[in-house]
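Asker: The listed protein sequences derive, respectively, from chains A and B.
Final position of the first sequence in UniProt numbering is 362; the numbers increase by one with none missing.
Final position of the second sequence in UniProt numbering is 362; the numbers increase by one with none missing.
Before anything else, here's the structure in question.
Protein chains: 2
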Amino acid sequence: MEKRATIKDVAEAAGVGVATVSRVLSGGSASASTRERVLAVAAQLDYRPSALGRNLRQRRTGGLGLLVPDLTDTFYGQLSEGVLACARSSGEPVVMGSTGGDPEQEAELIGMLLEQSVDRVIAVPSGDAETWAPAVRAGMTVVFADRLPPEAVREEEHDRDPAEHALDDLLLLDGLAARPRVPESAARPLDVPAVLADDRAGIRTAVRYLRGLGHRRIAFLGGPGHDRRAAAFREAVGAPVDEELVVFGTGSRDSAYAAASGLFQSRPDLSAVVAGGNVLGEAAVLAARELDLRVPKDVSLVMYDDVPWAELCAPPLTVIAQPGRDMGYRACELVLREGTRRARSVVLPTELIIRGSCGPRR
Amino acid sequence: MEKRATIKDVAEAAGVGVATVSRVLSGGSASASTRERVLAVAAQLDYRPSALGRNLRQRRTGGLGLLVPDLTDTFYGQLSEGVLACARSSGEPVVMGSTGGDPEQEAELIGMLLEQSVDRVIAVPSGDAETWAPAVRAGMTVVFADRLPPEAVREEEHDRDPAEHALDDLLLLDGLAARPRVPESAARPLDVPAVLADDRAGIRTAVRYLRGLGHRRIAFLGGPGHDRRAAAFREAVGAPVDEELVVFGTGSRDSAYAAASGLFQSRPDLSAVVAGGNVLGEAAVLAARELDLRVPKDVSLVMYDDVPWAELCAPPLTVIAQPGRDMGYRACELVLREGTRRARSVVLPTELIIRGSCGPRR
DNA sequence: TTGAAAGCGCTAACAG
DNA sequence: CTGTTAGCGCTTTCAA
């Protein structure tokens, strides 16, 4: 970087002290004439206060971190757009990292953020509580989006008012580190606010819809981080759950395809599948095609995530839409507001968008 | 952020001077015993050198900036993944911004990067040379990816190798706007290296393919930044170009749809369209369907960008694939290497992937 | 091989 | 209202 004008240069050129310049530029008190002169000189010199100096002085970066598993997944693209939009409107730089769904890379990136003194981060976590402990311990404000680390799951939910499942969810997640009897020694659950979609309601609605169409053998095809959705699925189909119908890929498109294909082949009796995310939905469509299964004639499909191409698919995909962009935006708001008041988790509603990929059981 | 251990803490605890700690940690010389002790203490204190202090001292952030128009566009997602991957392997943090294709937002983000002392940036530019002038003037190392700002013209390139059409392309593109006689006063052309796909060859191949299928009225559906592709298209179809068949959207999905729909309606005689990017391809498919045009029976379609869903489309889309991830990776390499030696632009090959969206002229 | 000391650009006391 | 000063955490001469 070439040499830029510093506050000292401005001060000299304006014939004032550096403190005055600092004050003027950050809206402190100053006489009109001084302010004017300083401003003029600053503009003339094209002076831009260095965030480096300021941050060092204030011992914080002021920026945000954003960690997602894969920017190639449209949903995370939407979510990131939300975060970026919110951050920009607050003038906060955001340091971004893609973890590839790998806890180790995630840990590495967390370390990098720590080094940068980035003290607020929004993440779609891939690692578990242990991965995130260093961040929390270091005093980072973290907000999870889209999902929670596996260990951050709190204990069982006793069932209740069917109309209030979102609230239920809130209770569930936030709920606390400290429910009665968690051994001290166990990995301390993280107490981190999160912005999530109402997976439970979303899945339930989808399963009911498929049930209404006559489907009885419904499968769930998930990826990393889809445990809550899988749990919701199990709950929605009710006991006894045929565990063979709940399968997981490991995150890559290939593994998603393998999982889908394996599922279709090992259980030709299934008549419907719920894909836990758009990459899995993609895989399901591909695998079905490859095996000459017609959608929805031979198999019905509903996919989590509404992405533009869902509509272009043949047939257009019925989806559980979650507001990716909003989720990102909200998460960013939470992380920015934190400090003011302890942030509460947020659960956003999903919507079942019925297109053409589900039909009556054959 | 809670208080972290500083270099001073480590120095004290190890009973050495701060300079020694600094040396040890950055691989300088030190006696084995000292080194060991310092390392032990550092580990024990969980010491992490603060990038803030280091950067201030060295007057640079060491990080990279990455500016793209829209993370929701899968191609930019791919490109970003490439950049992030390369940056991570070099331990560089990347500050990301989404411009929405808006030059003003882009300028704002550039200002933000300047403030952060981020002195190296990779961008898919939305603004023109004027937008980027401040960055260059400030001494930033910038590398463009995927496209060039409209005004970004460059110096002549001599020397070529007949086998290297890529070079040819560089000439072509870079060439135009201002050959020899550019008045000094005119907006100084940017001299910025770039990583581009071989649009010219890509488009030419596609057009030839369509020609071979019997198509004569071929349209080009572009978006912002697709001027080079449009130019290549004009060149490929040859004079006289029917300018009504070259239409542009403004970047949003809606406007892309409007452009596509308008095109189909105003020129029912066209039999094929080349979409300049995946968002435009998406729009074309949608618009065609809405107008009851069958692909490829009524209209053939080839889309720039290979994205996972192209294969899921009905019919699967024939595409001009460009290596988005590689482009990002290469761009990052360029920006990192710069300083060592002046970086040269890179043109990566495209590939026509024939699937099912093109058929003989009806 | 090591330590002391001088800042990098900025803000926040504290005086004047 | 304004200037002086003391660092923030680190790297880097420069001596010892």
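The beta-carbon is built from N, C-alpha and C at its ideal position, and this holds for glycine as well.
#1: Would you please verify whether the beta carbon of A:Ser22 is less than 7 Å from any beta carbon of chain B?
#2: Going along the chain, which residues of its own chain have a beta-carbon closer than 6 Å to the beta-carbon of A:Ala225, five neighbours each way excluded?
#3: I need the straight-line Cα distance from A:Phe264 to A:Leu270, nearest angstrom please.
#4: Exposed or buried, A:Thr20, counting other C-beta atoms within 10 Å across all chains shown (16 or more means buried)?
#5: Cutting at 7 Å between CB atoms, please list the residues of its own chain near A:Ser22, excluding the five before and the five after it.
#6: Return helix, strand or coil for B:Glu92, following the three-state DSSP convention.
#7: Is DSSP giving B:Arg120 helix, strand or coil here?
#8: Tell me which residues of the region 88-101 of chain A have at least one Cβ-Cβ distance to chain B shorter than 8 Å, keeping chain order.
#9: Determine contact between the region 59-75 of chain B and the region 89-98 of chain B, defined as no fewer than three beta-carbon pairs at a distance below 8 Å.
#10: Residues in the same chain with beta-carbon distance under 6 Å from A:Leu301, minus the five sequence neighbours each way, listed in chain order, please.
#11: Along chain B, which residues have their Cβ under 8 Å away from the Cβ of A:Leu52?
#12: Please decide whether A:Met327 counts as near chain B, where near means a Cβ-Cβ distance under 7 Å.
#13: Which parts of the region 223-286 of chain A are runs of the alpha helix (DSSP H), unbroken and 4 residues or longer, counting only runs that do not cross its ends?
#14: How would you list, in chain order, the residues of chain B whose beta-carbon sits under 7 Å from the beta-carbon of A:Ser80?
#15: May I ask you to report which of helix, strand or coil DSSP gives B:Cys313?
#16: Could you work out which residues of chain B lie near A:Val74, taking near to mean beta carbons separated by less than 8 Å?
#17: Going by CA-CA distance only, name the one from B:Val279, B:Arg211, B:Ala239 and B:Asp242 that's closest to B:Ala258.
#18: Any beta carbon from chain A within less than 7 Å of B:Trp132's own beta carbon?
#19: To the nearest angstrom, how far is the alpha carbon of B:Asp199 from that of A:Gly276?
#20: Check whether the region 78-90 of chain A touches the region 104-111 of chain A, counting contact only when three or more Cβ pairs, one atom from each stretch, lie closer than 8 Å.
#21: Kindly confirm or deny that the region 132-148 of chain A and the region 331-348 of chain A touch, where touching means at least three C-beta pairs closer than 8 Å.
#22: Here's a check: name, in chain order, each residue in its chain whose Cβ is nearer than 6 Å to the Cβ of B:Leu291, leaving out the five neighbours to either side.
#23: Please return the same chain residues whose Cβ sits closer than 7 Å to the Cβ of B:Leu45, not counting the five positions on each side in sequence.
#24: CA-CA distance, B:Arg330 and B:Gly82?
#25: Could you confirm whether any beta carbon from chain B is found closer than 7 Å to the beta carbon of A:His358?
#26: List the endpoints of the continuous beta strand (DSSP E) containing B:Leu301.
#27: By DSSP's criteria, A:Ala145 is part of a beta bridge. Which residues make up the other side?
#28: Hey, quick one: how far does the beta strand (DSSP E) through A:Thr318 stretch, first residue to last?
#29: Take A:Leu113 and list the residues in its own chain whose beta-carbon comes closer than 7 Å to its own, dropping the five residues that flank it on each side.
Answerer: Put simply:
#1: no
#2: Here the sequence assigns Gly to residue 225 of chain A, which means Ala is not the residue at that position. Arg147, listed in sequence order.
#3: 8 Å
#4: Answer is buried; the Cβ neighbour count reaches 16.
#5: Same-chain partners within the cutoff: Ile7.
#6: coil
#7: strand
#8: Arg88, Gly91, Pro93, Val94, Val95, Met96, Gly97 and Ser98
#9: yes
#10: Val273, Ala284, Val295 and Ser357
#11: At a beta-carbon threshold of 8 Å, the residues of chain B lying near A:Leu52 are Leu52, Asn55, Leu56, Arg59, Thr61, Gln116 and Ser117, ordered along the chain.
#12: no
#13: Look at the region 223-286 of chain A and you find these whole runs of alpha helix (DSSP H), each 4 residues long or longer: 227-237 and 253-266.
#14: Leu71
#15: strand
#16: One detail in the question is off: residue 74 of chain A reads as Thr in this sequence, not Val. For A:Thr74, the C-beta contacts it makes with chain B under 8 Å involve Thr72, Thr74 and Gly77, in order along the chain.
#17: Of the candidates B:Val279, B:Arg211, B:Ala239 and B:Asp242, B:Val279 places its Cα closest to the Cα of B:Ala258.
#18: no
#19: A:Gly276 has its alpha-carbon roughly 37 Å from the corresponding atom of B:Asp199.
#20: no
#21: yes
#22: Phe264
#23: If we look at B:Leu45 and ignore the five residues flanking it on each side, its Cβ neighbours are Ala5, Asp9, Val10 and Ala13.
#24: 8 Å
#25: A quick correction: the sequence has Cys, not His, at residue 358 of chain A. Closer than 7 Å: no.
#26: Ser300 to Tyr304
#27: A:Val195
#28: Thr318 to Ala321
#29: Spatial neighbours of A:Leu113 in its own chain (CB-CB distance under 7 Å, excluding positions within 5 residues in sequence) are listed in chain order as Gly65, Val95 and Val121.
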